[in-house]
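In our numbering, the protein residues as written are 207 to 397. Report on one structure; see the data block that follows.
Right, here's the structure in full:
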């Protein structure tokens, strides 16, 4: 049997829980992928507030779940092979921890491992307006090889559907990892 491709999905307390949930839904339908989920305590609060969803419901969407404080989890080691990690959504607190190597929980430790192993890290920061510290932290993570992907909708599709806007962003991010995203969005091909 072929080893599944592993992808870490982390969710924090920033607004935008729908992005992490939708990624898990898309990946759940793809048998060649194995998801590893981490959600912060603030992420659980936000999940309930924004989507009226409980932690147990979210956990059913993931193949493997990890506690935020489980620093001994498989994904805390570079020897555990993954395709990388997506932090969706990413709070400024978590961005700061990643930028400065402050691995005080499994999200920031997991991101540190992904960066040190030169794997793909996609960070979806959610905060506006941005102050200088936010911008500098984004630059630091970018200089370390991370990809900043603020979930900003494209308007060329001319949709007024929240679902279509979320699918477009999720599709673009998952496409970076080689996930089959057929039907999620239509790539821009020019006029």
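Cβ coordinates follow ideal geometry from the N, Cα and C atoms, glycine included. The structure displayed is predicted, hence computed values, not measured ones.
The beta-carbon distance between residue 210 and residue 256, rounded to whole angstroms, is 29 Å. This is too long to meet the 8 Å contact definition. Taking a contact to require three or more Cβ pairs closer than 8 Å, the stretch 308-320 and the stretch 337-346 do not qualify as touching. Residue ranges of uninterrupted beta strand (DSSP E) with 3 or more members, entirely inside the stretch 294-362 and ordered along the chain, are 326-331. Residue 241 sits in a strand when the DSSP states are folded into three classes. DSSP places residue 369 within a helical segment (H, G or I) once states are collapsed to three. Inter-residue distance for residue 247 and residue 388 is about 33 Å (C-alpha atoms, whole angstroms).
A check of alpha carbon separations from residue 244 across 238, 236, 264, 237 identifies 264 as the nearest. For residue 223, the enclosing alpha helix (DSSP H) starts and ends at 223-234.
Within 10 angstroms of the beta-carbon of residue 283 lie fewer than 16 other beta-carbons, which makes it exposed.
Taking residue 329 as reference, the option from 364, 396, 358, 258 with the minimal CA-CA separation is 358.
The beta-carbon distance between residue 360 and residue 291, rounded to whole angstroms, is 24 Å. This is too long to meet the 8 Å contact definition.
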